[in-house]
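Novice: full-length UniProt numbering applies: residue 1 is where the sequence shown begins, and numbers increase by one.
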Amino acid sequence: MKITYYGHASLGIEVGGKNIIVDPFITGNPKAAGIDINSLKADYILVTHAHGDHVLDVETIAKNTNAVIVSNAEIATYYGNKGFNSHPMNHGGSWKFDFGRVKYVNAIHSSSFPDGSYGGNPGGFVIEGEHKNIYIAGDTALTYDMKLIPLRTELDLVILPIGDNFTMDVEDAIIASDFVECDKILGYHFDTFGYIEINHEEAIRKFFDKGKDLMLLQIGESIEL
Ligand code: NI
Ligand code: MN
């Protein structure tokens, strides 16, 4: 499994011979100006919730690629009504796709579209690939629901928001990584806006002091699991 960071909460995942884009917000992020969304490959677009900083480039990428948009029922229906391919899910449900199993799990946040349309309730995704399993938390507070994830899935990586203000901060993300029983963390949802700027070295050290490995990727940088 290969994971590429496209800035903010946007990710590319290569797994099982398929390309997945998560929460594309690239053209609206000056820090991601080096990423050309028209060059992105996607078989699927996973959307955690409907906020603008997670859906901005969904339609452009879906038009370019014919990708299937996977999200909660309300978001999938919103895009389905616009003629896009979509797969509706809801919390606690999972589906075996051709690249692996995806479960839509709880997040504590909100989820309206930029135009005010109802975006259902926000979530995160657990992805079980052929060899590796990851949890993408989406925008969320720390929640005890995270403890349910390792009851079913042994994680190789957890992707957690760490920017504070709209989501968990670093300290809560450390507790979240305890809850999901995974000491390898990719941080996201930081630095994009003034409200969520963080001190990188301090964040890495705080995780390190608890025996955990926090990775902060450059935009465009990838890791292999
Ligand atoms: Ni949000
Ligand atoms: Mn957000």
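Ideal Cβ placement from N, Cα and C applies to all residues, glycine included.
By a C-beta neighbour count over all protein chains shown, 10 Å radius and 16 as the cutoff for buried, is glycine 17 buried or exposed?
Specialist: Exposed is the call here.
Novice: Heavy atom of the ligand NI less than 7 Å from the Cβ of aspartate 139, yes or no?
Specialist: Correct: aspartate 139 has its Cβ closer than 7 Å to the ligand NI.
Novice: First and last residue of the alpha helix (DSSP H) that includes leucine 151?
Specialist: Per DSSP, leucine 151 belongs to the alpha helix (DSSP H) from 149-152.
Novice: If distances are taken between C-alpha atoms only, which option among Asp23, Gly7, Thr167 comes closest to threonine 60?
Specialist: With distances taken between Cα atoms, threonine 60 lies closest to Asp23.
Novice: Would you kindly check if the distance between the Cβ of isoleucine 223 and the Cβ of alanine 32 is under 8 Å?
Specialist: No, the pair does not count as a contact, with Cβ atoms beyond the cut-off.
Novice: Does the beta-carbon of asparagine 106 have 16 or more other beta-carbons within 10 angstroms, so that it is buried, or is it exposed?
Specialist: Buried, since its Cβ has 16 or more Cβ neighbours within 10 Å.
Novice: Alpha carbon to alpha carbon, what distance is there between proline 88 and lysine 30?
Specialist: Here residue 30 turns out to be proline, not lysine, going by the sequence shown. When rounded, the distance between both Cα atoms is 31 Å.
Novice: Expressed to the nearest angstrom, what Euclidean distance is found between the alpha-carbon atoms of glycine 34 and leucine 217?
Specialist: Taking the straight line joining both Cα atoms gives about 14 Å.
Novice: Using 8 Å as the Cβ pair cut-off and three pairs as the minimum, do the stretch 100-117 and the stretch 137-144 touch?
Specialist: A contact exists between the stretch 100-117 and the stretch 137-144.
Novice: With distances taken Cα to Cα, identify the nearest neighbour of isoleucine 21 among Ile127, Gly93, Thr153, Arg205.
Specialist: Ranking Ile127, Gly93, Thr153, Arg205 by Cα distance to isoleucine 21 puts Ile127 first.
Novice: How big is the Cα-Cα spacing for tyrosine 79 and glycine 124?
Specialist: Cα-Cα distance, rounded: 18 Å.
Novice: Does the beta-carbon of histidine 87, which I'm using as the reference point, lie nearer than 7 Å to any heavy atom of the ligand NI?
Specialist: No, the beta carbon of histidine 87 sits no closer than 7 Å to any heavy atom of the ligand NI.
Novice: If you reduce the DSSP assignment to three classes, tell me which class aspartate 178 lands in.
Specialist: Three-state DSSP puts aspartate 178 in a helix.
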